[in-house]
Amino acid sequence: MSDVHVTPEVRVYTKDMLRVSRFPLVLEEPDDEVKENHKDEEGDFVLKRPKKQRTEVLTIVHHMDTSIHYVGLQVWRGALLLGDFILNNQELFKNATIMELGCGSGFSGLIASRIAKKCYLTDFDEEVLKNCQRNVSLNSHLFEKDPNSDQLITQVKKLDLQQNHLNFPHSLLSLDSQFQWTNSDIENLKDLSIIIGADIIYSNSLTDSIFNFIQSLLKRTNSGTDPFFRKRCRFFIALEVRYIFSIEELDEVSLAYSYFKGMIEKGSFGLWAKRVDTNFKQYISNYQRVKELELWEIGLHQSSDEIYLFK
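The working numbering puts the last residue of the sequence shown at 508; the count rises by one with no breaks.
Right under this line is the structure:
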């Protein structure tokens, strides 16, 4: 069960199985030009003033508890950590074309949408996608419309990570869904430069599919020779290490995380991974940044001579 909703700063409204939580984002206004105390033309000191703060509110419809098939209907702490990473690195995400894998409620992608050029929130289950679309509509005041169309810059789309993606992204056009891709979407993906994911490491088969998809995509975006993609791509993933007690080991173990870590150590799919320092400012106040929360960047080795950056 997700536990991010138990903190007092989140306002929770209940109806049947659904919850509506409001997450305040306490943000700082951009710096003015005064970098340090100095005198003006009349000899008076001009003091550097504290940054002004403003609060935006992210409204998320979600469930408190579900079966594992519908975990995307909950809000998990990894999504909040990833949201804070985005808020602390806005220059990286500004005007970028972004894709979120396993978007669930859409929390992280919605934060990225505030500054992105285009943001695609993707998942597989239709109910999860419908809930994510509801959250996009509830928060549409936080981001702009696409200047080239009447659509919002944030789009909810179906993505099956277990599908054969050798012909990606054109293979997406074959998906039959209410959240199907259009030729215009495919054209937008030419500028894809950021992929994100939060709390999507919980099944070994899903981890395999994620690694396979990322390897296939980065091999094309980062080669510099693919005629479709115009930009190099980076992948960031946030997760929370979750432990269970193993009778066999007589100890607490994290099976999904151990599998993920083992994939990295073996250099599976030719990928490297490095831990990203999470000692950055916490703008999203309503979660505890426990030591089990981790953020990783995963990339593709360009040659067999490169050293794995696992640590």
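From the three backbone atoms N, C-alpha and C, an ideal C-beta is built for every residue, glycine too. Here the structure is a predicted model, which means the values were calculated and not measured.
The alpha carbon of Phe290 has as its nearest neighbour, out of Gly421, Ile393, Phe408, Leu414, the alpha carbon of Ile393. Counting only runs that start and end inside the segment 420 to 503, the alpha helix (DSSP H) elements of at least 4 residues fall at 452 to 462. Of the residues assessed, Arg429 falls on the exposed side of the cut-off, its CB having fewer than 16 other CB atoms within 10 angstroms.
Within the segment 272 to 323, the runs of beta strand (DSSP E) at least 3 residues long that lie entirely inside it are, in chain order, 294 to 298, 315 to 320.
DSSP places Thr263 in the coil class of the three-state scheme, outside both helix and strand. DSSP places Gln412 in the helix class (H, G or I) of the three-state scheme. In terms of Cβ geometry, Leu279 and Leu415 do not form a close pair [threshold 9 Å]. Leu222 carries a strand assignment under DSSP once its states are collapsed to helix, strand and coil. Counting along the chain, no beta strand (DSSP E) covers Ser381; the unbroken alpha helix (DSSP H) around it starts and ends at 380 to 385. The beta-bridge partner set that DSSP reports for Arg331 is empty.
Cβ contact annotation for Leu270 (same chain, cutoff 8 Å, sequence separation greater than five): His259, His260, Thr263, Gly301, Ser302, Glu324, Val325, Asn328, in chain order. Nearest neighbour of Ser218 by Cα position, chosen from Ser390, Ile257, Asp423, turns out to be Ile257. Where Gln352 is concerned, the enclosing beta strand (DSSP E) starts and stops at 351 to 355. In the three-state reduction of the DSSP assignment, Ser406 falls in the helix class, which pools H, G and I. One alpha carbon belongs to Ser400, the other to Ala453, and they sit about 6 Å apart. Between Met460 and Leu386, the C-beta spacing is not below 9 Å. For Ser390, the uninterrupted beta strand (DSSP E) segment begins and ends at 389 to 395. Here Leu339 carries a helix assignment [DSSP, helix/strand/coil]. Pairing Phe408 with Pro366 gives a Cβ-Cβ distance that is not under 9 Å.
Leu372 sits in coil when the DSSP states are folded into three classes, being neither helix nor strand. Cβ contact annotation for Lys315 (same chain, cutoff 6 Å, sequence separation greater than five): Thr294, Ile350, Asn385, in chain order. The three-state reading of DSSP puts Leu255 in strand, counting E and B together. Distance check between Arg427 and each of Arg417, Glu225, Tyr317 places Arg417 closest, using alpha-carbon atoms only. Note on geometry: alpha-carbon atoms of Val254 and Phe220 lie some 5 Å from one another. Asn332 and Leu307 do touch by the CB rule: their CB atoms are close to 7 Å apart, below 8 Å. Remark: C-beta atoms of Phe432 and Ile383 do not approach each other more closely than 9 Å. In this structure, the beta-carbon distance from Lys342 to Gln377 does not fall below 9 Å. As the crow flies, the alpha-carbon of Leu363 is around 46 Å from that of Gln250. With a cutoff of 9 Å on beta-carbon distance, Ser346 and Ser381 are scored as near each other. Here DSSP, grouped into helix, strand and coil, assigns Leu363 to coil.
In the DSSP secondary-structure assignment, Gln250 is bridged to Glu225.
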